[in-house]
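Take the sequence shown: its letter number 181 is residue 163 in my numbering, and every next letter is one higher. From the three backbone atoms N, C-alpha and C, an ideal C-beta is built for every residue, glycine too. This one's a predicted model, so the numbers in the text were calculated from it and none came from an experiment. Scroll down for the structure; my scribbles are underneath it.
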Amino acid sequence: MQDVQEDHLHQTLLDLKEKTSILEVPQVEREKMTSRTMEMVNTYDDNIRNLTWGPVKAADQGSLPAIGEIKEGPTDLDSVLQDFNAHLVNAGLNFGHPTFFAFIPTGGGIYPAALGAFIPAIFSTFSGFHGKNTSIIEMENKLITWVADLFGYPAWHAGNISSSASLSTLTALAVARDSKELKAADFHRCVIYCTEFTHFVVLKGLRAVGLREAILRTVPVDKSFKMTAAGLERQISEDKDAGLLPFLVVATVGTTLTGSVDPVNDIADVCDRHQLWLHVDAAYGGFFALCDEMKQLFAGVERTDSMVVNPHKGMFMPFGVSVLLVKDGRKLQECCSMKQTPLCFKGCQLFSAEHLAPSELSFELSRPYR
């Protein structure tokens, strides 16, 4: 009986091997695909490097229906690349155009950085937890430490590299919520303070972490579009007197609309007096801290509880690379880590006490190496 079962299993595996062999691309085809892809990359790179004038917006072919429908069978590479060029590369707005100033420079990527995103994809590098390779996580942690040092965060910080300020902000809001030990029954009494120039990812993040019912106060700004600490103090005092629960202030270093920088030091004084969590959105303006003539704009950032800064903006990295920093690293870990090893991972050495893994410091489990 056992021999029959083993024969059946062996045959089943042989059948499966034959069926999945279609996924194995022959060496000749692999070389052709690589060659054609690199031709396209080099052509696009040449066009960008030599582009000094001409329309920023090409014919809007991107709005046309894609050629063909999704089919069960394969499509040849030349057709795929032709569609890609027609509907994506050579259509719509050209963010790489030297005279494109409509948005904050975002995600265009300098060439070495583009290769840095390309190479890990080839090797299918996984970085959610350590497994047998701690080096890739150690590299990310060193980068986070470098960013933390830039802004004066203490040695006991923790951070994470995620896809965008949207996810980084969502995580920061969740950490603030948990750190203040807010209960769902009180969410409707909780108060968050920002200005009319605060990025809308904050509102999206509040909804995602269950604070849709919370009260969002718009703090007055001065003539330079900066949050006024006096206005913030007044609103917090009024809300406390009304029996509400002020708990979070979101300041901005480099607003999207005007580039204004909130007076973080003065705001930190207010937050200290009232024991509020202070988060700074520096997604756009953060890396101007590398410029000596701009350092004074960052006074007080080291006093914040959390902050977000986007390398795919100020450092021209490809999408999407966003860094979240939390001053008290334990709070980030307590919010995001698993309290016990899941059953499917029992007996596996996935985590290291010496080096925290990204999956312990964010809501992502499966993630690329950033």
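Measure the alpha-carbon distance for residue i versus residue j and round it to whole angstroms.
i, j, result
"residue 208", "residue 244", "5 Å"
"residue 96", "residue 68", "22 Å"
"residue 99", "residue 131", "24 Å"
"residue 82", "residue 312", "42 Å"
"residue 11", "residue -15", "40 Å"
"residue 44", "residue 55", "Model confidence at residue 44 stands at a pLDDT of 49, short of 50, so the residue's coordinates are unreliable and nothing is read from them."
"residue 267", "residue -9", "60 Å"
"residue 19", "residue 52", "21 Å"
"residue 239", "residue 233", "14 Å"
"residue 144", "residue 237", "21 Å"
"residue 126", "residue -2", "44 Å"
"residue 102", "residue 349", "12 Å"
"residue 70", "residue 15", "19 Å"
"residue 265", "residue 119", "23 Å"
"residue 60", "residue 302", "28 Å"
"residue 94", "residue 299", "9 Å"
"residue 156", "residue 261", "12 Å"
"residue 185", "residue 294", "22 Å"
"residue 352", "residue 318", "19 Å"
"residue 305", "residue 170", "30 Å"
"residue 139", "residue 278", "22 Å"
"residue 159", "residue 136", "22 Å"
"residue 150", "residue 25", "35 Å"
"residue 206", "residue 242", "7 Å"
"residue 190", "residue 177", "20 Å"
"residue 13", "residue 28", "22 Å"
"residue 4", "residue 92", "36 Å"
Can you tell me whether residue i is helix, strand or coil according to DSSP?
i, result
"residue 140", "strand"
"residue 97", "helix"
"residue 198", "strand"
"residue 233", "strand"
"residue 7", "coil"
"residue 359", "The displayed coordinates of the chain run from -17 to 352. Any statement about residue 359 would go beyond what the structure contains."
"residue 172", "strand"
"residue 118", "helix"
"residue 126", "helix"
"residue 66", "helix"
"residue 81", "coil"
"residue 133", "coil"
"residue 58", "coil"
"residue 26", "helix"
"residue 300", "coil"
"residue 14", "helix"
"residue 179", "coil"
Provide the residue span of the alpha helix (DSSP H) that contains residue i, from first to last.
i, result
"residue 151", "147 to 161"
"residue 289", "Taken as a continuous stretch (DSSP letters only), residue 289 belongs to no alpha helix (DSSP H), being part of the beta strand (DSSP E) at 288 to 291."
"residue 251", "246 to 256"
"residue 263", "No alpha helix (DSSP H) contains residue 263, which is instead part of the beta strand (DSSP E) from 259 to 263."
"residue 344", "Looking at the DSSP string, residue 344 is not in any alpha helix (DSSP H), and its letter there is neither H nor E."
"residue -8", "-16 to 2"
"residue 278", "Where residue 278 is concerned, there is no enclosing alpha helix (DSSP H), given that its DSSP letter is neither H nor E."
"residue 189", "183 to 190"
"residue 311", "311 to 318"
Examine chain B for any beta-carbon lying closer than 8 Å to the beta-carbon of residue i, and answer yes or no.
i, result
"residue 14", "Annotation note: the requested chain B is absent from the structure, which comprises a single protein chain."
What first and last residue would you give for the beta strand (DSSP E) that runs through residue i?
i, result
"residue 304", "304 to 308"
Give the DSSP bridge partners of residue i, in chain order.
i, result
"residue 243", "235"
"residue 203", "209"
Any contact between the stretch 181 to 192 and the stretch 209 to 217? By contact I mean 3 or more CB pairs, one from each, below 8 Å. Touching, no.
Take every Cβ of the stretch 254 to 265, pair it with every Cβ of the stretch 186 to 202, and state whether three or more of those distances are shorter than 8 Å. Look at the beta carbons and you see the stretch 254 to 265 not touching the stretch 186 to 202: under three pairs across the two are nearer than 8 Å.
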